[in-house]
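Undergrad:
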Amino acid sequence: MTEQSGPRALVDYAVAAERVGFDFEVSSDHYSPWLDTQGHSGYAWSILGAVAQATERVDLMTYVTCPSIRYHPAVVAQKAATLGVLSGGRFTLGLGAGENLNEHVVGERWPAVEERHELLTESVHLIKDLFSGELVDYQGVHFQVDSARLWDLPDTPVEIGVAVSGPRSVAAFATIADHLITTEPEPGLLKSWDDARRDVSLPASRKIGQIPICWDPDADAAIARAHAEFRWFGLGWPVNANLPTTEAFESASAFVRPEDVAESIPCGPDLDAIVAAVQPYLDAGFTDVALVQIGDDGQQRFLDEAAGPLLEKLRAAAS
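So the number in this note's numbering is just where the residue sits in the sequence shown, counting from 1, plus 173.
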């Protein structure tokens, strides 16, 4: 999470995670932290460029970039293609409809959800056109591109994952994206995605999820850290997508108790509890699950002491 560690630390953690055995590393792409207590929000693309050079084998992805308000999709396409080159083809572009918290900073209004999906749909089409390497002129409802071409492209086009949350977004993106991204282990969502792709003879895709954890040898310390930095998580996506500032998140989560956080996020030293929290994703058919270890102060110890044994348990559960 770019929101809870500084840029140099994130690169170090990425290298350590590859060394301990993780296969896949994702980065948030935010302008602001969710809460002031997280304390950071470095530029994801600079960090990913550094990680691409500091690592050798792990897949990389944005989780996720909004390509429609803070960034123009033509610029996102250029950034993604460059990361594809720098990483030797290890980068996947993860896209989503965004959050007000990160997009309002450029002074644009925050659209309603239907318009956000329209913006995202048009962005995906435009980005894919630019990934062809051809000269692109584009006049859409929301975006215009004039004589644009990407001059540095990886050997194979960067694949695109799109964050979806329900039937409408599945219908919009299953046939134009390469992979599914979602935060809830809903088997029906994955089935409808697969059915839509099968209907137009598209290949099976990755299904990429994410779950927060807070490992610590001291369960009480883990709960306190998760509450301090991640109590916003339980507000739900309709709320999280629309609040504009960290102050708003502080207010909205003011009555979330530590025990509420502990009920929804595995906290403490029990690795089997983390596996149990991941199991619904495995049962639903996810191919990839990103673990968000909460807090900068527990990150290195988690990598040094818990990550290796946890990966063994997770891979055994997945098999």
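Where a beta carbon is used, it is the ideal one built from N, C-alpha and C, also for glycine.
All values reported here derive from a predicted model rather than from experimental measurement.
Kindly give me the distance between the Cβ atoms of N275 and Y204, rounded to whole angstroms, as I take these residues to be in contact under 8 Å.
TA: Start at 1 with the first residue of the sequence shown, and residue 275 comes out as number 102. Start at 1 with the first residue of the sequence shown, and residue 204 comes out as number 31. Contact check for N275 and Y204: beta-carbon distance about 4 Å, within the 8 Å limit, so the pair qualifies.
Undergrad: To test your reading of the DSSP string, which unbroken alpha helix (DSSP H) runs of 4 or more residues are found completely within the region 261-301?
TA: 273-276
Undergrad: Can you tell me where the beta strand (DSSP E) holding Y311 begins and where it ends?
TA: Here residue 311 refers to the residue found at position 138 of the sequence shown. That run of the beta strand (DSSP E) goes 309-312.
Undergrad: Looking only at DSSP bridge pairs, what is T238 linked to?
TA: Start at 1 with the first residue of the sequence shown, and residue 238 comes out as number 65. The partner list for T238 (beta bridge, DSSP) reads L268.
Undergrad: So, does the region 351-360 touch the region 281-290, judging by three or more C-beta pairs under 8 Å?
TA: no
Undergrad: Using DSSP with H/G/I as helix, E/B as strand and the rest coil, what is W388?
TA: If you number the sequence shown from 1, residue 388 lands on position 215. Note: W388 maps to strand in three-state DSSP.
Undergrad: Identify whether G145 lies in helix, strand or coil by the three-state DSSP scheme.
TA: As displayed, the chain neither begins before 174 nor continues past 492, which places residue 145 out of reach and without an answer.
Undergrad: For E229 and F264, what's the separation of their Cα atoms in angstroms?
TA: Here residue 229 corresponds to residue number 56 of the sequence shown, with the count starting at 1. Here residue 264 corresponds to residue number 91 of the sequence shown, with the count starting at 1. The alpha-carbon atoms of E229 and F264 are separated by roughly 12 Å.
Undergrad: Is any heavy atom of the ligand NAP found at a distance shorter than 8 Å from the C-beta of T419?
TA: Of ligands this structure carries none, so the ligand NAP is not represented either.
Undergrad: Between which two residues does the beta strand (DSSP E) holding A463 run?
TA: Your numbering for residue 463 matches position 290 in the sequence shown. Counting along the chain, the beta strand (DSSP E) containing A463 begins and ends at 461-466.
Undergrad: If you count every other CB in all the chains shown that lies within 10 Å of the CB of A377, and 16 or more means buried, which is it?
TA: One-based indexing of the sequence shown puts residue 377 at position 204. Looking at its Cβ environment, which holds fewer than 16 other Cβ atoms inside 10 Å, A377 is exposed.
Undergrad: Rounded to whole angstroms, what is the Cα-Cα separation between I354 and I384?
TA: Numbered from 1 along the sequence shown, position 181 holds the residue referred to as residue 354. Numbered from 1 along the sequence shown, position 211 holds the residue referred to as residue 384. Straight-line Cα distance between these residues: approximately 12 Å.
Undergrad: Among P431, A394, W366, W388, whose alpha-carbon lies nearest the alpha-carbon of D477?
TA: Working through the sequence shown from its first residue, we reach residue 477 at position 304. Among P431, A394, W366, W388, the Cα nearest to that of D477 belongs to W388.
Undergrad: Does DSSP put L208 in a helix, in a strand, or in coil?
TA: The residue given as residue 208 occupies position 35 in the sequence shown. If DSSP states are grouped into helix, strand and coil, L208 belongs with coil.
Undergrad: Taking all protein chains shown into account, decide if I242 is buried (16 or more other Cβ within 10 angstroms of its Cβ) or exposed.
TA: In the sequence shown, residue 242 corresponds to position 69, counting from 1. The residue in question, I242, is buried, as its Cβ has 16 or more Cβ neighbours within 10 Å.
Undergrad: What ranges does the alpha helix (DSSP H) occupy inside the region 328-363, keeping only unbroken runs of at least 4 residues that lie completely in it?
TA: 340-346
Undergrad: So, are the CB atoms of G267 and P330 less than 9 Å apart?
TA: Position 94 of the sequence shown, counting from 1, holds the residue named residue 267. Position 157 of the sequence shown, counting from 1, holds the residue named residue 330. Cβ atoms of G267 and P330: not closer than 9 Å.
Undergrad: Going by CA-CA distance only, name the one from F304, C239, K380, E291 that's closest to E456.
TA: What you label residue 456 is simply residue 283 of the sequence shown in a count that begins at 1. Note on identity: in this sequence residue 456 is Asp, with Glu being the wrong assignment. Looking at the Cα atoms, K380 is the closest of the given residues.
Undergrad: Which residue comes first and which comes last in the alpha helix (DSSP H) that contains A190?
TA: Position 17 of the sequence shown, counted from the start, is the residue given in the question as residue 190. Counting along the chain, A190 sits inside the alpha helix (DSSP H) bounded by residues 180-193.
Undergrad: Below 9 Å between beta carbons: does that hold for V337 and W366?
TA: The residue labelled residue 337 in the question sits at position 164 within the sequence shown. The residue labelled residue 366 in the question sits at position 193 within the sequence shown. In this structure, W366 lies closer than 9 Å to V337 by Cβ.
Undergrad: Could you tell me the alpha carbon to alpha carbon distance between P327 and A392, rounded to whole angstroms?
TA: On the sequence shown, residue 327 is found 154 positions in, with the first residue counted as 1. On the sequence shown, residue 392 is found 219 positions in, with the first residue counted as 1. Rounded to the nearest angstrom, the two C-alpha atoms are 45 Å apart.
Undergrad: If you run the structure through DSSP and keep just helix, strand and coil, what is Q383?
TA: Start at 1 with the first residue of the sequence shown, and residue 383 comes out as number 210. Three-state result, Q383: strand.
Undergrad: Could you tell me which of G313, E281, G280, L303 sits nearest to E295, measuring between CA atoms?
TA: As a first step, residue 295 must be located in the sequence shown, where it is residue number 122. Comparing Cα positions, the closest option is G313.
Undergrad: Need the endpoints of the alpha helix (DSSP H) that F422 sits in, please.
TA: The residue labelled residue 422 in the question sits at position 249 within the sequence shown. Per DSSP, F422 belongs to the alpha helix (DSSP H) from 419-425.
Undergrad: Closest by CA to I396, which one among S178, P482, F422, R430?
TA: Sequence index remark: in the sequence shown, residue 396 carries index 223 (1-based). Ranking the options by Cα distance to I396, first place goes to R430.
Undergrad: What separation, rounded to the nearest whole angstrom, lies between the Cα atoms of I300 and Q466?
TA: Reading the sequence shown from its first residue, position 127 is the one you call residue 300. Reading the sequence shown from its first residue, position 293 is the one you call residue 466. C-alpha of I300 to C-alpha of Q466: approximately 31 Å in a straight line.
Undergrad: Just the Cα atoms here: how many angstroms apart are D196 and L233?
TA: Along the sequence shown, one-based indexing puts residue 196 at 23. Along the sequence shown, one-based indexing puts residue 233 at 60. Computed Cα separation, rounded: 9 Å.
Undergrad: Hey, P206 and S214: beta-carbon distance below 9 Å or not?
TA: On the sequence shown, residue 206 is found 33 positions in, with the first residue counted as 1. On the sequence shown, residue 214 is found 41 positions in, with the first residue counted as 1. Yes, the Cβ-Cβ distance between P206 and S214 is below 9 Å.
Undergrad: Tell me the DSSP bridge mates of E198?
TA: Stepping through the sequence shown from its first residue, residue 198 is reached at position 25. Looking at the DSSP assignment, E198 forms a beta bridge with L233.
Undergrad: How many Å lie between E436 and F406 at the Cα?
TA: Indexing the sequence shown from 1 puts residue 436 at position 263. Indexing the sequence shown from 1 puts residue 406 at position 233. Answer to the nearest angstrom: the Cα atoms are 12 Å apart.
Undergrad: Looking only at C-alpha atoms, which of Y236, Q452, G261 sits nearest to G269?
TA: Taking the sequence shown and counting its residues from 1, the one referred to as residue 269 is at position 96. Residue Y236 is the option with its Cα nearest to G269.
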